[in-house]
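Asks: The structure follows.
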Amino acid sequence: MTPPSYILPLCVALPLGGAFVTALLGRKFPALAPLLATVVAAILLGISLLSVKLLLQHGVVVYTVGGWPPPVGISMVLDGLTAFMLVTINLVVFLVVIFCLDYVNQFTARWNFYVLFLMTLAGMNGVIVTGDLFNLFVFLEVAAVASYGLVAFGTEKHALEAAFKYAVMGSVGSLCILLGIAVLYASTSTLNMADMARVLAMSKPGALTTFVTVLFLMGFGMKAAVVPFHAWLPDAHSSAPAPISAMLSGVLIKALGVYALCRVIFNVLGASPRILGVLLFIGALSMVVGVFLAIGQWDLKRLLAFHSISQIGYVILGIGLGTPLGIMGGLFHLLNHSLFKSLLFLDSGVIEYATGTRDLKAMGGLRAKLPLTGATTLAASMSIAGIPPFNGFWSKLLIIVAAVQAERYGYAFWAVLASVLTLASFMKVMRYAFFGQLNSRWNSVTEAPFFMKLSLVAFAVLCVFGGLLLLPQAREAFLGLASEAITNGTEYVNMAVTQAR
Amino acid sequence: MRTNEDNCTEGMSLIVKTITRLSVGLILLYGIYIVLHGHLSPGGGFAGGVIIALSFVHLVLAFGKRQAFGTLSESGTASLESLGAVLFLAIALAGFSGGYFFANVLPHGEPHALLSAGTIPLSNIAICLKVAGGLFAIFIALVLLNPESEQGS
Amino acid sequence: MIAYMLCLVLFCLGVYGALAKRNVIKIVLGLAIAECAVNLMFVLIAYRVHGSAPILPRVAEGGAPVMVDPLPHALVLTAIVIGLATTALMVALAMRIYQQYGTYDISEIRELKG
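And the structure:
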């Protein structure tokens, strides 16, 4: 049986509905909020898996909102990249919600937290499924504004400062994107991305296209925190509550930054070798600068945040290679990074929950007291550093092999170097936090509550077995279709437009 | 109304209060007009909602927060806002009965008649609730969050 | 063309204000200016010489009249709502920051660095 196509608008409607109902009833029924969020996240995970099935059976699906055909109305498009991102986001968010069940108890006004959380989820899913450029901007802002609020949720001094910095940088990025959309609309008179690509393909690329590309690179680059625009990320991601850091680092920067950048650059504007060169350079720069900044950090969450910059660099590098293998490696690394980085942030949350500190120097020997957290952190560290059986190894291998095949030996060298430095940095984390003498302050520390442990174990299992996605059958069905959607470039148009007719 | 002594000192002068009493109703009515004619003329849920919210802001400015919040409390505003959002989403979901998300399922009626255009007037009302509630809630939140009075707390 | 260029100048002014000023409130104002510039850009794009308001006349008499493009107006409205949300959030954050730090000067608000 083919799943129905109306699952696409449900990806947005369900979390939005959950958020509004929580806002309406949360004050009176405090127990409702976590329950509703968990149910919504679980249904969305089911929907995203169904969308993969729908894609396999039916090819590209275009859903017309309100029954208006594409160039006029807003359309939602399901192609390989969309299905891939939907699975990534909803998988991570579902596991993070389970973690939240125990973690959020320490805050007052819990229902507010879930309202913002569901809004962010709705915005991310919206960015992924929409086929309309302005609609993409609107959902991007929904997710971004909700995440500004989430970063400041603890209302501590540094959280407020980080949230303000994040809001200013994020707004500047959004305004660049909006200006780019205005210029594109002026030159193509349409907002549907497929239609826009069709019009742009007919005209010669001029100075205007270059201007728009630069604006989008700045805007989405700001959202993805690639290196010249990365200043907000370490503050925002380290000041937010742990599950939020996991969500921001795990999926938000990818949905709003990397996905939107790929969609616009490859499918709408069309990737020229020059743009690919810029992407390669930005990717490599982020990769190296991020890891160098990370190595000197003693605050655990800040260290993890700098590694996010570095790993996003890998993703952009892979995609910027422009070869099918490179793009597949980049996307696979995107999935793997969202798994192991979420796990690492959740682990740091457990440590903070148990000991109240994030300073690596104050920890030590926690393995005796937090055995499960220690084991899962070890798995995630191995994964991010690229040790063979774990998922991070396979995606880094793909990227480096692709770089060598494309005869970009310099970039391959930097990728290997960054990987070695990542390993060094995480050896430091393991050494100071979990091994060595137990600091006598932590004699009374106890392991995390049940739901937190459940989420950690699920993430760790996914990290260990994530590499299995490269087995031929799974690769064709999932990663292959996603990277095909990018390599096809502006072919996207034909699929999206002919489907709708 | 003047039984409470605070009322005389709070808010602005007698002139402002008297004029506010006269004009607030008109502003509110104008906002409602804009909302209800949203599908016929420029304006609509957002513009009308802003005007309605402004009429309440007007009340707060003229009479001081204590008296005005008696009319519309913070939690009341917030639930009004969420109600508007839920209503809007419900209208969108009702479109599934016509085959598509957001489909206009009600009869469209005569063009340029007040009762026409299917679900669009209903959406306008929902948006108006959301915007008026949201804007006034923002205003209340900023008024109640007074830096000087809470400093150091 | 000059109008578009002036829009860009206004945008750059706003972004400069947001990134170079040290007062929190001035940063928020700078962003508001940049946002207004983008909205102005949309309205300029929609403008048609001698265009009328985009409402179809009661009786369509021989071909549609020249109308301004209504779509960017709808986009501007949406962008304004988003801008409102962002500005309100940032003002609230600014007030909270003042509560905690006792200053609006970002060069004195430096808990985070590195």
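Chains as they are written, first to last, in the working numbering: chain A, 4 to 504; chain B, 997 to 1149; chain C, 3 to 116.
Positions of the beta carbon are idealized from the N, C-alpha and C atoms, including for glycine.
In whole angstroms, what separates the C-alpha of A22/C from that of M221/A?
Replies: 18 Å
Asks: With DSSP as the reference, identify every bridge partner of D107/C, one or two as the case may be.
Replies: N25/C
Asks: Helix, strand or coil: which one does DSSP assign to T379/A?
Replies: helix
Asks: One question on the structure: do W445/A and K372/A come within less than 8 Å of each other, judged by their Cβ atoms?
Replies: yes
Asks: For a quick check, are the C-beta atoms of L198/A and P74/A less than 8 Å apart?
Replies: Going by the sequence as given, residue 198/A is Asp instead of Leu. Here D198/A is near P74/A, since their CB atoms are less than 8 Å apart.
Asks: Mind pulling the chain A residues with CB within less than 7 Å of I126/C?
Replies: Past the edges of chain C, shown from 3 to 116, lies residue 126/C, and the structure says nothing about it.
Asks: Quick check: the Cα distance between Y1096/B and L1085/B, rounded to an integer number of angstroms?
Replies: 13 Å
Asks: Return the first residue and the last residue of the beta strand (DSSP E) that M3/C is part of.
Replies: Note, M3/C: premise wrong, no beta strand (DSSP E); not H, not E.
Asks: Can Y188/A and P74/C be called in contact, C-beta distance under 8 Å?
Replies: yes
Asks: My assumption, with CB atoms under 8 Å, is that L27/A sits in contact with L1079/B. Please give the rounded CB distance.
Replies: 6 Å
Asks: For S3/A, does the count of other Cβ atoms within 10 angstroms reach 16, so buried, or fall short, so exposed?
Replies: Since the first residue of chain A shown is 4 and the last is 504, residue 3/A is not available in this structure.
Asks: Please state whether the Cβ-Cβ distance between L47/A and L17/A is less than 8 Å.
Replies: yes
Asks: Closer than 9 Å between beta carbons: that is the criterion. Which residues of the segment 152-169 of chain A meet it against chain C?
Replies: G152, A155, T158, E159, K160, H161, L163, E164, A165, A166, F167, K168
Asks: Over what stretch of residues does the beta strand (DSSP E) that includes S78/A continue unbroken?
Replies: 78-81
Asks: Does DSSP put T999/B in a helix, in a strand, or in coil?
Replies: Unreliable positioning characterises T999/B in this predicted model, as indicated by a pLDDT of 44, which lies under 50. The coordinate reading is nonetheless provided below. Reduced to three states, the DSSP call for T999/B is coil.
Asks: Decide if E1077/B is buried, meaning its Cβ has at least 16 other Cβ atoms within 10 Å, or exposed.
Replies: The residue is buried, with at least 16 neighbouring Cβ atoms inside 10 Å.
Asks: Checking 8 Å against the spacing of the C-beta atoms, do S242/A and V154/A come in under that value?
Replies: yes
Asks: On the three-pair Cβ rule with 8 Å, is the segment 82-97 of chain A touching the segment 49-58 of chain A?
Replies: yes
Asks: When DSSP labels each residue in this structure, what does D302/A get in the three-state scheme?
Replies: strand
Asks: Going by the CB atoms, is the gap between C1124/B and G1044/B shorter than 8 Å?
Replies: yes
Asks: Please check if any C-beta of chain B sits within less than 8 Å of the C-beta of L79/C.
Replies: yes
Asks: Output the distance between the C-alpha atoms of F396/A and I27/C, rounded to the nearest integer angstrom.
Replies: 47 Å
Asks: Between A297/A and the rest of its own chain, which residues show a CB-CB distance below 7 Å, the 5 nearest in sequence each way excluded?
Replies: L306, F309, H310, S313, S428
Asks: Within the 8 Å Cβ cut-off, does E355/A reach chain C?
Replies: At least 8 Å separates the CB of E355/A from every CB of chain C.
Asks: Which residue comes first and which comes last in the beta strand (DSSP E) that contains T67/A?
Replies: 64-67
Asks: Does A1137/B come within less than 8 Å of chain C when only Cβ atoms are used?
Replies: Yes, contact with chain C.
Asks: How far does the alpha helix (DSSP H) with H240/A in it reach, from first residue to last?
Replies: Where H240/A is concerned, the enclosing alpha helix (DSSP H) stretches over 235-242.
Asks: Which whole-angstrom value describes the C-beta separation of A185/A and F44/C, a residue pair presumed to lie in contact below a C-beta threshold of 8 Å?
Replies: 5 Å
Asks: Under a CB-based cut-off of 8 Å, is I29/C close to chain A?
Replies: yes
Asks: For L303/A, which option in V432/A, F214/A, P12/A has the closest C-alpha, if you only look at C-alpha atoms?
Replies: V432/A
Asks: Indicate whether C14/A and V99/A have their beta-carbon atoms separated by less than 8 Å.
Replies: no
Asks: List the endpoints of the continuous alpha helix (DSSP H) containing K344/A.
Replies: Looking at the DSSP string, the run of the alpha helix (DSSP H) that includes K344/A is 327-358.
Asks: Note the first and the last residue of the continuous alpha helix (DSSP H) segment covering R113/A.
Replies: If you look at R113/A, you'll find it in the alpha helix (DSSP H) that goes 113-132.
Asks: Measure the C-alpha to C-alpha separation of N41/C and L347/A and round it to an integer number of angstroms.
Replies: Roughly 41 Å between the two C-alpha positions.
Asks: If you run the structure through DSSP and keep just helix, strand and coil, what is N442/A?
Replies: Here N442/A sits in coil by DSSP.
Asks: Less than 8 Å between CB atoms is the rule here; does L1141/B satisfy it with respect to chain C?
Replies: Output row for L1141/B: interface = yes.
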